[in-house]
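Chemist:
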Amino acid sequence: MRNRITKAVIPVAGFGTRLLPVTKTQPKEMLPLVDRPAVQYVVEEAVTSGIESILFVTGRGKRAIEDYFDYAVELENELQNKGRERLLEEVRRIVEAVDIFYVRQKRPRGLGDAVLRAQRFVGKESFAVLLADDIVLSPVPCLAQMLEFYAQEPAIYLAAMPVPREEVSQWGIIKGKEVAPSLYLVEDLVEKPAVEEAPSNLAIVGRYLLSPSIFEAISKVSPGKGGEIQLTDALKSLLSRERIYAYCFSGKHFGVGDKISYLKANIAFALRREEFAVPLREFLQELLEEGGKP
Ligand code: G1P
């Protein structure tokens, strides 16, 4: 078996309901974190981790993503003519970084169904799935950390992190046995359980290393939570046949799929940028001293 994963799938077909109204006409994946769309951080994580081709599973109203990862001839000519070399390099870098493919999920039927759209692209190889709602900042990218485990032992790997008990119903939750530091052998998975039904507070974060057997599993599961085809349910059905590990990555997680997390992520990302850190810190201080009101 090949111990290297070179393909990744990024599902971007969701409506972004938790971020409405802005997501009515703007894909949530294109909302900026400072000056880059959220999805760019995820693509960069994949590329830095050694991924060579990416499939976006898109849907209606997501064209802006395709345009973003393509050349913009007029803009580039303009930057060139004006001698804005650094900006030119910046807008071109991400276009040239990786081969990108697209497939449409014709109806939004859930994450499991979105992953199923990737079957032809993936073929018989293991592959990675990255969700653009989850951004992880760490010296070694989260996906690269998982791929290191995969290189030693090919299996299914899920990124995980402990969440406060009261938040378990927003996540896929796993029950597992710790087999090595930060590594759990998964014994059960439940998609967005009620607090009293959650087997633990260990949540699945949007990074997965999957084997192609997931496709058959997805095609067999019935609609689950929210009437959708859930990836978590398909993974659960594989438990008796395949080893699934959950890995508590090292790094800081930012959710960008809901308003408060998105706002926090923007502030945190801006504070990490040298050119903004000082003026922004001063401004925030000032605001807080005024009681937070403009
Ligand atoms: C999806 C998965 C869930 C996982 C989460 C991570 O849910 O279904 O198991 O915990 O991503 O972000 P979503 O937030 O897309 O509804």
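Per our numbering, the very first residue in the sequence shown carries number 3; after that it's consecutive.
For each residue, glycine too, the CB sits at the ideal point set by N, CA and C.
This structure is a prediction, so every number in the text was calculated from the model and none was measured.
#1: Under 6 Å Cβ to Cβ from residue 55, same chain only, skipping five residues before and after it: list those, please.
#2: Give me the residue from 86, 57, 149 with the minimum Cα distance to residue 15.
#3: Specify the secondary structure class of residue 14 as computed by DSSP and reduced to three states.
#4: For the region 175–188 and the region 150–166, state whether three or more C-beta atom pairs, one from each stretch, are separated by less than 8 Å.
#5: Quick one: Cα of residue 263 to Cα of residue 269, how far?
#6: Quick one: Cα of residue 3 to Cα of residue 233, how far?
#7: Report the residue from 84, 225, 61, 266 whose alpha carbon sits nearest the alpha carbon of residue 302.
#8: Does the separation of the CB atoms of residue 189 and residue 241 fall below 9 Å?
#9: Looking at the strands, I want to know which residues DSSP matches up with residue 60.
#10: Which runs of the alpha helix (DSSP H) spanning at least 4 residues fall entirely within the region 166–254, listed in chain order?
#11: Could you give the C-beta distance for residue 253 and residue 138, rounded to a whole number, given that I count them as a contact under 8 Å?
#12: What are the start and end residues of the beta strand (DSSP E) that includes residue 269?
#13: Where residue 148 and residue 83 are concerned, what is the direct C-alpha to C-alpha distance, given to the nearest angstrom?
#14: Here's the rule: buried if 16 or more other CB atoms are within 10 angstroms of the residue's CB, otherwise exposed. What is residue 26?
#15: From the beta carbon of residue 5, is the nearest beta carbon of chain C less than 9 Å away?
#16: Given this structure, state the Cα-to-Cα distance separating residue 105 from residue 277, to the nearest angstrom.
Modeler: Straight from the coordinates:
#1: 9, 101
#2: 57
#3: coil
#4: yes
#5: 10 Å
#6: At residue 3, the pLDDT of 46 sits below 50, so the modelled position is not reliable and the matter cannot be decided from this model.
#7: Coverage of the chain is limited to positions 3 through 296, which leaves residue 302 absent and any answer about it impossible.
#8: yes
#9: 106
#10: 215–222, 233–240
#11: 5 Å
#12: Residue 269 -> not in any beta strand (DSSP E); alpha helix (DSSP H) instead, spanning 261–273.
#13: 43 Å
#14: exposed
#15: No chain C is present in this structure, which holds just one protein chain.
#16: 38 Å
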